[in-house]
Structures are given as structure tokens and as C-alpha cells.
Amino acid sequence: MMNINFNEYFKKQKKFSGNVLLSKNNEIIFNKSYGYSNKEKGIKNTPQTKFMIGSMTKTITALCIMQLAEKGLLSTQQHLDDYLPDFYQGHGITIHHLLTHTSGIPNYLMLKKQLKWGEHHPPQEILQIVKGHKLKFPAGEKWSYSNTNYLILGLIIEIVAGLSYHQYVKNNIFIPAKMNHSGFIDEAQKNVATNYIMGKKGFDMDPSMFFACGDIVSTVGDFYLLDRAIQDGILLKTQMVKEMQKPHHDGKYVKCGYGLFVKKHFDGNSICHGGSMPIGYTSHFEKYIDDDITLVVLSNDLVKYQFLSMSGAGGTYISREIASLIYGKKLGALKKIF
Numbered sequence: 195m196m197n198i199n200f201n202e203y204f205k206k207q208k209k210f211s212g213n214v215l216l217s218k219n220n221e222i223i224f225n226k227s228y229g230y231s232n233k234e235k236g237i238k239n240t241p242q243t244k245f246m247i248g249s250m251t252k253t254i255t256a257l258c259i260m261q262l263a264e265k266g267l268l269s270t271q272q273h274l275d276d277y278l279p280d281f282y283q284g285h286g287i288t289i290h291h292l293l294t295h296t297s298g299i300p301n302y303l304m305l306k307k308q309l310k311w312g313e314h315h316p317p318q319e320i321l322q323i324v325k326g327h328k329l330k331f332p333a334g335e336k337w338s339y340s341n342t343n344y345l346i347l348g349l350i351i352e353i354v355a356g357l358s359y360h361q362y363v364k365n366n367i368f369i370p371a372k373m374n375h376s377g378f379i380d381e382a383q384k385n386v387a388t389n390y391i392m393g394k395k396g397f398d399m400d401p402s403m404f405f406a407c408g409d410i411v412s413t414v415g416d417f418y419l420l421d422r423a424i425q426d427g428i429l430l431k432t433q434m435v436k437e438m439q440k441p442h443h444d445g446k447y448v449k450c451g452y453g454l455f456v457k458k459h460f461d462g463n464s465i466c467h468g469g470s471m472p473i474g475y476t477s478h479f480e481k482y483i484d485d486d487i488t489l490v491v492l493s494n495d496l497v498k499y500q501f502l503s504m505s506g507a508g509g510t511y512i513s514r515e516i517a518s519l520i521y522g523k524k525l526g527a528l529k530k531i532f
């Protein structure tokens, strides 16, 4: 299964800039870097290069929520009213709805006329703007991806734990998982890859725009350590891990766990989450559970691959292409990007 020359594949992907890690049965099999961390200074990406992981942050946010649930400090069935009583009060929105993107709450990143990406917008200000818009649908009736859900979950973590979101993640995720090269984009970080779009320097966004739905920086190695810490029961008990990984929203096209998407590729089960930052980063993590294969892709150049009209799906595309090589089976076009 693993007798594959991945270097030949990446020779053909000349536009790819980033890092790729592949492991099987707790052993790292492939860990390579491509392209430049900083083109202007001629600095190449290395396995130690940090990237903004974008929405892969949501998996970590969901982990934090499940830790608090495991300690009995909250329940996924608790209502949003208990924590933010003036935000869509009386609509029956629960933590479960937030975790699974079934709350109906609008996605704040789509409100570009009211939220300027280059300006500072703390979470509470963002919520004040969002609540001026109607729910897209009653809680639990449909599925619609919304970054606002995880911004709210970050605030709930702060309320329940009595710590800032960042401090809670450091104490309860980074330190026990030994993720020594991970942090947050609003902190002074060394060795972070510069963001590019189609090979040119990308634009900047204020870090406040991301918070608990996308402001973590990490390495492929650290995300591998996170995966092992989850599987080894260091961060959560086995039953809570299973709760995260099962499809709570079991739709025709989308099966959503807590901070994870549940997939069935190559006749096996997988859990995954991707990330796409419009400023130039894409990412993807996928674990093929039946074979204990883990793939992590982090990239700092937003480019289009073959049929892709959405360059933001680049991390997922590369990850699924590698998986296709591993399993010797092709995936359809849509399954390569979602």
C-alpha cells in the first residue's frame, strides 16, 4: 500500500508550496517540504515551518468543548441562551447545533459590507453585527457551514473555563499533546510561512477576524502529535472521541461530527477537516480510521489545481490525490475537494 514514489507526484505539482506528512500505525512514513516560506528572502519551507491552519482550528475548538463536557462543566444539549442570553434568544439553539453547523446562524465572514477584513473586530462586536440578521433556518432543520458557530464556541469556552480561549488551548491541548511549535497568529511567532496567492504576496487580515474558528498556527508534525494524543486518550476518553467522530448530522451530501466531517472514501471510513484562508493558506487533515493512516497538508500559496475554480480547496485536493495513490483508486472531481 505504501510503496509509492510520492516525490514523482510532487514533481508534477510544481505550483504547490507547503508541507505534507503521512503516517501509518503511529509511524511517520513521509514528511516533506516544498516551495518557499518566504520567496522574497529565498527561505524554503521546512518541516518546522508554521502555517495558519485555518478552519482546522475548529477541530481543536470542538476538542476543548468535549473536554469541558467530559468534566461535567457543560452539555452539548445546553442552550446558547445560558451563555449569551441576548443573542438569538428563545430560538432553541444548543451547543450541539453550533458544533454541527445546524444552528441557522449566519456566517459572519460573508458580511463583508459590515466587517472589513483588514480592521480589528473582536468577537463580541462581530456578534452584535450578526444578530442584526435573521436566522437562515430554525435550529436543527438544515445544515449550513458558518464560522460564527465556532466563534461562539470559543466564547463559551472562555465563560465556562474562566480562561481566555488561547490560554485554555495552550494548557489543555498544546501542552499535553506536546505541540511545541503551535500558537496563535496574533502572538509574535517565529518561522511562520508568508502567505501568497497564485505566487504573489497575499493581502493581510486582522487576526481578530478568526478567533476560535481559524487563528491557530501549527506544523504538520504538531498536527500529527495532536492526532496521536487524541487516539491515545491523552486529551479525551475514548467514548468522547467516538462522540466527536460520529455523524451527528447525517445528510445526503454532508455528514458532520463535532469539529470533523465524516467521509467514506476508498471503501473505508475517514474523518477530516480542511481549511482555507483567503489571504493565502490552505490546509487539510484526514485520518483513514480503518487503516490508521493520517495525512496532513499545510500550504502557504493559494493556487488552482487542474479543474479547480476554487483555489481554497487546494489543501484538500493534494491530500485526496495522495490518498488515491495510496489506495490505488481514483476519486471523482467533487470528492477531491470536499
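Sequential numbering from 195 applies to the sequence shown in the numbering used here. Positions of the beta carbon are idealized from the N, C-alpha and C atoms, including for glycine.
- Bounds of the beta strand (DSSP E) holding residue 215 are 212–218.
- Across the set 247, 511, 348, the C-alpha of 247 shows the shortest separation from the C-alpha of residue 377.
- Here the stretch 322–332 lies against the stretch 288–306, with 3 or more beta-carbon pairs under 8 Å apart.
- Nearest neighbour of residue 404 by Cα position, chosen from 314, 236, 293, turns out to be 314.
- Inclusion of residue 389 and residue 211 in the CB contact set at 8 Å is not warranted, their separation being larger than that value.
- Taking a contact as a CB-CB distance under 8 Å, the pair residue 375 and residue 413 counts as one, their CB atoms being some 5 Å apart.
- Taking C-beta atoms as the reference points, residue 465 and residue 451 count as a pair closer than 8 Å.
- Residue 453 places its beta carbon 8 Å or farther from that of residue 471.
- Under the 8 Å Cβ criterion, the stretch 358–369 counts as touching the stretch 255–270, having at least three qualifying pairs.
- Short of 8 Å from the beta carbon of residue 463, and not among the five residues preceding or following it, lie these beta carbons of its own chain, in chain order: 456, 457, 482, 483, 484.
- Nearest C-alpha to residue 449 among 517, 220, 532: 532.
- In this structure, DSSP gives residue 398 a state outside helix and strand, which the three-state scheme calls coil.
- Note on geometry: alpha-carbon atoms of residue 336 and residue 422 lie some 33 Å from one another.
- According to the DSSP assignment, residue 478 belongs to the beta strand (DSSP E) that extends over 475–482.
- Apart from the 5 residues on each side of it in sequence, residue 401 sits with its Cβ closer than 7 Å to the Cβ of 379, 380, 409 in its chain, given in chain order.
- For residue 333 and residue 293, the gap between their C-alpha atoms comes out near 12 Å.
- Across the structure, residue 291 and residue 235 are spaced so that their CA atoms are roughly 45 Å apart.
- At a Cβ-Cβ threshold of 8 Å, residue 491 and residue 477 count as neighbours.
- Judged by their CB atoms, residue 347 and residue 387 are not nearer to each other than the 8 Å cut-off.
- Closest option to residue 475, judged by alpha-carbon separation, among 394, 525, 369: 394.
- For residue 219 and residue 331, the gap between their C-alpha atoms comes out near 42 Å.
- Taking C-beta separations shorter than 8 Å and ignoring five residues to either side along the sequence, the partners of residue 392 in its chain run 495, 496, 497, 498, 505, following chain order.
- Rounded to whole angstroms, the Cβ separation of residue 371 and residue 419 is 5 Å, and the two are in contact under 8 Å.
- Residue 384 and residue 373 have their C-alpha atoms some 15 Å from each other.
- Distance from residue 511 to residue 529 at the Cβ level is roughly 10 Å; contact not present, criterion being Cβ atoms closer than 8 Å.
- A distance below 8 Å separates the beta carbons of residue 203 and residue 519.
- Here residue 199 carries a coil assignment [DSSP, helix/strand/coil].
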